[in-house]
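Trainee: Handing you this structure, nothing more for now.
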Amino acid sequence: MATKSANRLVIDADSSGQTISRHIYGHFAEHLGRCIYEGIWVGEDSPIPNTRGIRNDVVAALRKIRIPNLRWPGGCFADTYHWMDGIGARAKRPSIVNVHWGGVTENNHFGTHEFFDLCAQLGCEPYVCGNVGSGTVREMAEWLEYITMPGQSPMSDLRRKHGQKAPWKLRYWGVGNENWGCGGNMRPEYYADEYKRYACFCRNFAGDSLYKIACGANCWDFRWTEVLMREACRHMDGLSLHYYCGSGGENRSATQFGEKEWWHQLLHAWRLEALLRRHVAIMDSFDPTGRVGLILDEWGTWHAVEPGTNPGFLYQQNSLRDALVTGISLNLMNRYSARLRMANIAQTINVLQAMCLTEGEKMILTPTYHVFEMYAVHHDAALLPAELATATRPCEKEALPVVQVSASRDAAGRVNLTFCNLDPESAQEVSVEVRGMSVKKISGRTLTAAEVTAHNTFERPDAVAPVDEVEAKRLKAGGLAVKLPSKSVVLVTVE
Ligand code: AHR
5 MATKSANRLV IDADSSGQTI SRHIYGHFAE HLGRCIYEGI WVGEDSPIPN
55 TRGIRNDVVA ALRKIRIPNL RWPGGCFADT YHWMDGIGAR AKRPSIVNVH
105 WGGVTENNHF GTHEFFDLCA QLGCEPYVCG NVGSGTVREM AEWLEYITMP
155 GQSPMSDLRR KHGQKAPWKL RYWGVGNENW GCGGNMRPEY YADEYKRYAC
205 FCRNFAGDSL YKIACGANCW DFRWTEVLMR EACRHMDGLS LHYYCGSGGE
255 NRSATQFGEK EWWHQLLHAW RLEALLRRHV AIMDSFDPTG RVGLILDEWG
305 TWHAVEPGTN PGFLYQQNSL RDALVTGISL NLMNRYSARL RMANIAQTIN
355 VLQAMCLTEG EKMILTPTYH VFEMYAVHHD AALLPAELAT ATRPCEKEAL
405 PVVQVSASRD AAGRVNLTFC NLDPESAQEV SVEVRGMSVK KISGRTLTAA
455 EVTAHNTFER PDAVAPVDEV EAKRLKAGGL AVKLPSKSVV LVTVE
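Those letters in the sequence shown? Residues 5 to 499, per our numbering, in order.
Structure representation (structure tokens):
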């Protein structure tokens, strides 16, 4: 393995950095393709092991990555979702057409009660997205009353009638999804007014504060952020943003690609840095104290669907390249965590850049899942300043840093460094100066594979999986030297 060694990293281990919210490591599950149905919900009578209809293998896998929150029911589906269709005896719930995703019949067997049960099983916080596109203010207000009202009221009585005595705990509430597109094709000025009208009637009746999230921009639409911040800033707690970094270019295959597509994809993942920087700058100008959080509630890769699958179901494979996209993106999100309070990768199971893929009773973990598991060390940790000098690679007229990193200190005082080596050919050596800490012990984990296209299948579920090894040593002069294999994501823990 060829090695290059021009990388030098300086860490301030004793810096009192801001907290990286664990909610940046959040997820998103929509009524789309086989995400909810098959991926999560199999029904109580299924031969697939389940707890009250929710598959046990998926719950166990997601608990292992300490899933902090789950956004539901969409996505575009949220803009057509009428919550009353999803309560009461399942056999009596109406069937509807999922107009955005394949035009398939949706039987509403997974609704509010099932979603809150899922969150309880996962031990995560619910993030519900309300319907502004085709729903009414009253419908949204009543849904919140149904979920959160402890005392007597028409909606809490209905909830009790359907078997749930106590209100559920709820903090995160989205007021619409993509209202510039599938949620109503609105102008930002119009949506800002609509947002204020809907948000005015959104209450958490249990007394917990409701964190209201306004629909934010699509990628590079800075005008949307500007108008929303100007017109509605004081009425919101969070403003969302969606960024899909696409695929390898014209060749959108998830698993059949070459070096050109590798670099294209990683460049587009890295562009998240400019995207966050520019949206944050706009938010800073209207909200200098940083009260309103930026919520990246949809992000990830978007490849061609797997051959032979329904194009409306967005079922894609997930390779080592997706692992690198994840590592690059999460490192950047940590860096912007002063303003970025939550992010939700799209989507949890069987859709887009998923954590798990299922086929009947079988379930496999994707390379993306493994990066989430390795990066869980950053949940609620203190972000540490990390200055990295590394080579850049010219890529589509931009200069892409070949090694990327994020550093944090956890509650036990351990320093965790998460590296990405984007170079598909050469290993990279990094010398690390750790200021404010003497290095006693080094451990770590490494995720890589022989081929850039490596991925897990039902036949070979562990083709891409991390090993509990890292090539690193303490230096006499202090600090450490780390060797990153080509095309790898590496976690280094320093004690
Ligand atoms: O995640 C798939 C879709 O992408 C979501 O439904 C929508 O919000 C976005 O356009």
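Even glycine gets a Cβ: it sits at the ideal position worked out from N, Cα and C.
1. Output yes or no for whether 8 Å exceeds the beta carbon distance between residue 222 and residue 185.
2. Note the first and the last residue of the continuous alpha helix (DSSP H) segment covering residue 122.
3. Write down the C-beta distance between residue 3 and residue 382 rounded to the nearest angstrom, noting that I regard them as a contact closer than 8 Å.
4. Could you check where the beta strand (DSSP E) with residue 216 kicks off and where it finishes?
5. Answer with buried or exposed for residue 301, where buried requires no fewer than 16 other C-beta atoms within 10 angstroms of its C-beta.
6. I want to know whether the stretch 28 to 36 touches the stretch 70 to 86 - three or more CB-CB distances under 8 Å.
7. Between residue 233 and residue 286, how many whole angstroms is the CB-CB distance? I'm expecting something under 8 Å.
8. Which one of 492, 211 and 133 has the shortest CA to CA distance from residue 76?
9. What is the DSSP secondary structure of residue 316, reduced to helix, strand or coil?
10. In whole angstroms, what is the alpha-carbon distance linking residue 30 and residue 121?
11. Report yes or no: do three or more beta-carbon pairs, one from the stretch 159 to 173 and one from the stretch 59 to 75, lie closer than 8 Å?
12. Pull up the distance between the alpha-carbon of residue 398 and that of residue 254, whole angstroms please.
13. With distances taken from CA atoms, which of 110, 350 and 491 is nearest residue 358?
14. Starting from residue 376, trace the alpha helix (DSSP H) both ways and give me its first and last residue.
15. Sort 439, 394 and 201 by Cα distance to residue 498 and report the nearest one.
16. State the Cα-Cα distance for the pair residue 479 and residue 445, rounded to the nearest angstrom.
17. By DSSP's criteria, residue 13 is part of a beta bridge. Which residues make up the other side?
18. Nearest to residue 162 by CA position, among 362, 496 and 93, is which residue?
19. Return the Cβ separation of residue 151 and residue 117 in integer angstroms, given the expectation that the two are a contact with Cβ distance under 8 Å.
20. Do residue 224 and residue 271 count as a contact pair if the criterion is CB distance below 8 Å?
21. Between residue 215 and residue 303, is the Cβ-Cβ spacing less than 8 Å?
22. Can the beta-carbon of residue 471 be found less than 8 Å from the beta-carbon of residue 486?
23. Tell me which residue opens and which closes the alpha helix (DSSP H) that residue 185 is part of.
24. Residue 164 and residue 226: beta carbons closer than 8 Å?
25. Going by Cα to Cα distance, which pick from 208, 454, 131 and 16 is closest to residue 27?
26. Closest to residue 447 by C-alpha separation, out of 495, 408, 160 and 412, would be which residue?
27. Comparing C-alpha positions only, which one of 413, 293 and 424 sits nearest to residue 335?
28. Mind reading off the beta-carbon distance from residue 379 to residue 422? Whole number of angstroms is fine, and I expect it under 8 Å.
29. Compute the Euclidean distance between the alpha carbons of residue 16 and residue 299, then round it to the nearest angstrom.
30. Which residue comes first and which comes last in the beta strand (DSSP E) that contains residue 405?
31. Give me the Cβ distance between residue 212 and residue 173, rounded to the nearest whole Å; I'm assuming they're in contact under 8 Å.
32. Determine the direct distance from the alpha carbon of residue 51 to that of residue 238, and round the result to whole angstroms.
33. Starting from the Cα of residue 88, find the closest Cα among 49, 147 and 47 and give me that residue.
34. Hey, how far is the Cα of residue 127 from the Cα of residue 67?
35. Closest by CA to residue 235, which one among 245, 249 and 220?
36. Can you tell me which residues form a DSSP beta bridge with residue 54?
Mentor: Taking the coordinates as given:
1. A contact, by the Cβ cut-off of 8 Å.
2. 116 to 126 is the span of the alpha helix (DSSP H), which, as asked, contains residue 122.
3. As shown, the chain starts at 5 and ends at 499. That puts residue 3 outside it, with no answer to give.
4. Start and end: 215 to 222.
5. Buried is the label assigned to residue 301, since at least 16 other Cβ atoms lie within 10 Å of its Cβ.
6. Result yes; three or more Cβ-Cβ pairs closer than 8 Å.
7. Going by Cβ atoms, the distance from residue 233 to residue 286 rounds to 6 Å, so yes, they are a contact pair.
8. It is 133 whose Cα lies nearest to the Cα of residue 76.
9. Here residue 316 carries a helix assignment [DSSP, helix/strand/coil].
10. The straight-line gap from Cα to Cα measures roughly 17 Å.
11. Cβ pair count under 8 Å is below three, so no.
12. The straight-line gap from Cα to Cα measures roughly 19 Å.
13. When each option's Cα is compared against that of residue 358, the closest is 350.
14. First-last of the alpha helix (DSSP H) with residue 376: 371 to 379.
15. Comparing Cα positions, the closest option is 439.
16. Rounded to the nearest angstrom, the two C-alpha atoms are 12 Å apart.
17. Answer by DSSP bridge pairing, in chain order: 392 and 436.
18. The option with the nearest alpha carbon to residue 162 is 93.
19. So it is not a contact: roughly 10 Å between Cβ atoms.
20. In this structure, residue 224 does not lie closer than 8 Å to residue 271 by Cβ.
21. Contact flag unset, no.
22. Not a contact, by the Cβ cut-off of 8 Å.
23. Taken as a continuous stretch (DSSP letters only), residue 185 belongs to no alpha helix (DSSP H), as it is neither H nor E.
24. At least 8 Å separates the beta-carbon of residue 164 from that of residue 226.
25. The shortest C-alpha separation from residue 27 is found at 131.
26. Proximity to residue 447 across 495, 408, 160 and 412 peaks at 495, based on C-alpha coordinates.
27. Distance from the Cα of residue 335 is smallest, within the candidate group 413, 293 and 424, for 424.
28. Their Cβ separation, rounded to whole angstroms, is 6 Å, which keeps residue 379 and residue 422 in contact under 8 Å.
29. In a straight line, the C-alpha of residue 16 is about 27 Å away from that of residue 299.
30. Residue 405 -> beta strand (DSSP E) spans 402 to 405.
31. Yes, residue 212 and residue 173 are in contact; Cβ-Cβ is about 6 Å, under 8 Å.
32. Taking the straight line joining both Cα atoms gives about 50 Å.
33. The candidate whose alpha carbon is nearest that of residue 88 is 147.
34. Straight-line Cα distance between these residues: approximately 7 Å.
35. When only C-alpha atoms are compared, the closest one is 220.
36. Its beta-bridge partners are 59.
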